[in-house]
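Colleague: Chains as they are written, first to last, in the numbering used here: chain A, -12 to 100; chain B, 9 to 123. Just so you know, even glycine gets a beta-carbon here, dropped at the ideal spot from N, CA and C. The structure displayed is predicted, hence computed values, not measured ones. Dropping the structure in here first, questions after.
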Amino acid sequence: EPEVTQTPSHQVTQMGQEVILRCVPISNHLYFYWYRQILGQKVEFLVSFYNNEISEKSEIFDDQFSVERPDGSNFTLKIRSTKLEDSAMYFCASKGLTNQPQHFGDGTRLSIL
Amino acid sequence: AQSVTQLDSHVSVSEGTPVLLRCNYSSSYSPSLFWYVQHPNKGLQLLLKYTSAATLVKGINGFEAEFKKSETSFHLTKPSAHMSDAAEYFCVVSETTDSWGKLQFGAGTQVVVTP
Chain A
-12 EPEVTQTPSH QVTQMGQEVI LRCVPISNHL YFYWYRQILG QKVEFLVSFY NNEISEKSEI
48 FDDQFSVERP DGSNFTLKIR STKLEDSAMY FCASKGLTNQ PQHFGDGTRL SIL
Chain B
9 AQSVTQLDSH VSVSEGTPVL LRCNYSSSYS PSLFWYVQHP NKGLQLLLKY TSAATLVKGI
69 NGFEAEFKKS ETSFHLTKPS AHMSDAAEYF CVVSETTDSW GKLQFGAGTQ VVVTP
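Structural data, given as C-alpha cells:
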C-alpha cells in the first residue's frame, strides 16, 4: 500500500537555526498538510496546500514557517529561525480527493536546543 | 467551528474483553468523523471514517464506531481486545463544507491491554 514518507525521523537543531522537514506524499494525491504535536498536547493543524499554493493556515503558521513543493514529489516545511517552543513531532499528510481521508507519515521529531 | 472531546485520557482493558473509547464532537455544519490510531514511534493510521452514509461504521482490525447525531457522539468499540491494540487513539472531526478538510483532533485516549 502506498505510504507517506517523512525524513529525517529525528532532527536536532540549535535555536535560531533554519530547519527543513521533508515529506514525500502518496504519488497521485493532490492535497497536502502539515500538523504538529507538542509533547503532551493535541495534534494541531498547521497548513494545507493545494494546486501549488497554501489553501489554509493556522495562527501557529506565522512568517517563520513556509512550505514548498519544489519538484512535484517532495513537500517541505521550513522553519526559518527555530525557537525552543518549535520542539514537537511534525506530521505530513496527503489525500487524493476532497472527500477522501488524509494519510499520515510517521512524523519527524524536531528537538530545538 | 468544530471541536472534539475524548472523555477518557487512559483506558485499561484485559485481553479478550470489550473496548469502548468515548468521543463527543461539536460541529457547525455536517461533520466528517474519523478515528486514527498511533502505535509507539509510528504515524497516524486511519481506523475508520464516517461521512454521512451509514451511521454504524466498520473499520480495520475489528473496530467499529456509531455516529449518533442526537448525542453528538462517535464512540469507538471493539468486542475483544488484543495485545496489539495497545496504542493511542484519536477522534478527529472535519467539516464536509471545508474542501481543504483540515482535521481537528481530540486529545487522545491511551489504551493499555493487560494479559
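#1: Please report the distance separating the alpha-carbon of Ala94(B) from that of Gly67(B).
#2: Would Thr63(A) and Gln(-2)(A) qualify as a contact pair, given that the criterion is a beta-carbon distance under 8 Å?
#3: How long is the line joining the alpha carbons of Ala80(A) and Asp50(A), rounded to whole angstroms?
#4: Which whole runs of the beta strand (DSSP E) in the region 9 to 48 of chain A are 3 residues long or more, in chain order?
#5: Are any of the Cβ atoms in chain A nearer than 8 Å to that of Val42(B)?
#6: Spell out the partners DSSP gives Phe98(B) in its beta bridges.
#7: Mind reading off the beta-carbon distance from Ser2(B) to Thr59(B)? Whole number of angstroms is fine, and I expect it under 8 Å.
#8: State yes or no: is the beta carbon of Gly67(B) nearer than 8 Å to at least one beta carbon in chain A?
#9: Quick one, which of Trp21(A), Val54(A) and Leu26(A) has its alpha-carbon nearest Glu72(A)'s?
#10: Which residues in chain A sit within 9 Å of Ala9(B), going by Cβ to Cβ distance?
#11: Return no unless some Cβ of chain A is closer than 8 Å to the Cβ of Thr117(B).
#12: Going by other Cβ atoms of all chains shown within 10 Å of its Cβ, with 16 needed for buried, is His90(B) buried or exposed?
#13: Beta carbon of Ile99(A), beta carbon of Lys70(A): below 8 Å?
#14: Would the beta-carbon of Gln87(A) be found less than 7 Å away from any heavy atom of the ligand GDP?
#15: Can you pull the chain A residues whose beta carbon is under 9 Å from the beta carbon of Phe98(B), in chain order?
#16: Going by DSSP, what residue range makes up the beta strand (DSSP E) through Thr115(A)?
#17: Answer with yes or no whether the minimum CB distance from Lys50(B) to chain A is below 8 Å.
#18: Flag Gly70(B) as yes if its beta-carbon sits less than 8 Å from any beta-carbon of chain A, otherwise no.
#19: If you follow the beta strand (DSSP E) that Phe82(B) is in, where does it begin and where does it stop?
#20: Under 6 Å Cβ to Cβ from Lys44(A), same chain only, skipping five residues before and after it: list those, please.
#21: Can you name the residues that DSSP bridges to Met76(A)?
#22: Taking Cβ-Cβ distances shorter than 8 Å, what residues in chain B pair up with Tyr132(A)?
#23: Closest Cβ-Cβ distance between Leu54(B) and chain A: below 8 Å?
Modeller: With the structure as the only source:
#1: What you label residue 94(B) is simply residue 86 of the second sequence in a count that begins at 1. What you label residue 67(B) is simply residue 59 of the second sequence in a count that begins at 1. For Ala94(B) and Gly67(B), the distance between alpha carbons rounds to 17 Å.
#2: In the first sequence, counting from the first residue as 1, residue 63(A) sits at position 76. In the first sequence, counting from the first residue as 1, residue -2(A) sits at position 11. Here Thr63(A) is not near Gln(-2)(A), since their CB atoms are 8 Å or more apart.
#3: For this step, residue 80(A) is matched to residue 93 along the first sequence. For this step, residue 50(A) is matched to residue 63 along the first sequence. If you draw a straight line from the Cα of Ala80(A) to the Cα of Asp50(A), it comes to about 21 Å.
#4: The qualifying runs are 18 to 24, 30 to 37 and 40 to 44.
#5: Taking the second sequence and counting its residues from 1, the one referred to as residue 42(B) is at position 34. The question names Val, but residue 42(B) in the sequence shown is Phe. Judged by the 8 Å Cβ criterion, Phe42(B) is in contact with chain A.
#6: Position 90 of the second sequence, counted from the first residue, corresponds to residue 98(B). Its beta-bridge partners are Tyr44(B).
#7: Chain B is shown only over 9 to 123; residue 2(B) falls outside these bounds and no answer can be derived.
#8: Counted from its first residue, the second sequence places residue 67(B) at position 59. Cβ-Cβ to chain A under 8 Å: no for Gly67(B).
#9: Along the first sequence, one-based indexing puts residue 72(A) at 85. Looking at the Cα atoms, Leu26(A) is the closest of the given residues.
#10: Position 1 of the second sequence, counted from the first residue, corresponds to residue 9(B). Within chain A, no residue comes near Ala9(B); the closest Cβ sits about 13 Å away, beyond 9 Å.
#11: Within the second sequence, the letter at position 109 stands for residue 117(B). The beta carbon of Thr117(B) sits no closer than 8 Å to any beta carbon of chain A.
#12: Here the question's residue 90(B) lines up with position 82 in the second sequence. By the 16-neighbour rule on beta-carbons within 10 angstroms, His90(B) is exposed.
#13: Here residue 99(A) corresponds to residue number 112 of the first sequence, with the count starting at 1. Here residue 70(A) corresponds to residue number 83 of the first sequence, with the count starting at 1. Closer than 8 Å, so yes.
#14: You won't find the ligand GDP in this model; it holds no ligand whatsoever.
#15: Counting from one through the second sequence, the residue named residue 98(B) turns up at place 90. From the beta-carbon of Phe98(B), the residues of chain A found nearer than 9 Å are Lys29 and Val30.
#16: In the structure as shown, chain A begins at -12 and stops at 100. Residue 115(A) is therefore absent and cannot be evaluated.
#17: The residue given as residue 50(B) occupies position 42 in the second sequence. Yes, contact with chain A.
#18: Your numbering for residue 70(B) matches position 62 in the second sequence. Not closer than 8 Å to any Cβ of chain A, the Cβ of Gly70(B) fails to qualify, so no.
#19: Numbered from its first residue, the second sequence carries residue 82(B) at position 74. DSSP places Phe82(B) in the uninterrupted beta strand (DSSP E) bounded by Ser81 to Lys86.
#20: Numbered from 1 along the first sequence, position 57 holds the residue referred to as residue 44(A). Residues of the same chain with a CB within less than 6 Å of the CB of Lys44(A), apart from the 5 flanking positions on each side, are Val34 in chain order.
#21: Locating residue 76(A) in the first sequence gives position 89, counting from the first residue. The partner list for Met76(A) (beta bridge, DSSP) reads Gln24(A) and Arg96(A).
#22: The displayed coordinates of chain A run from -12 to 100. Any statement about residue 132(A) would go beyond what the structure contains.
#23: Position 46 of the second sequence, counted from the start, is the residue given in the question as residue 54(B). True, the Cβ-Cβ gap to chain A drops below 8 Å.
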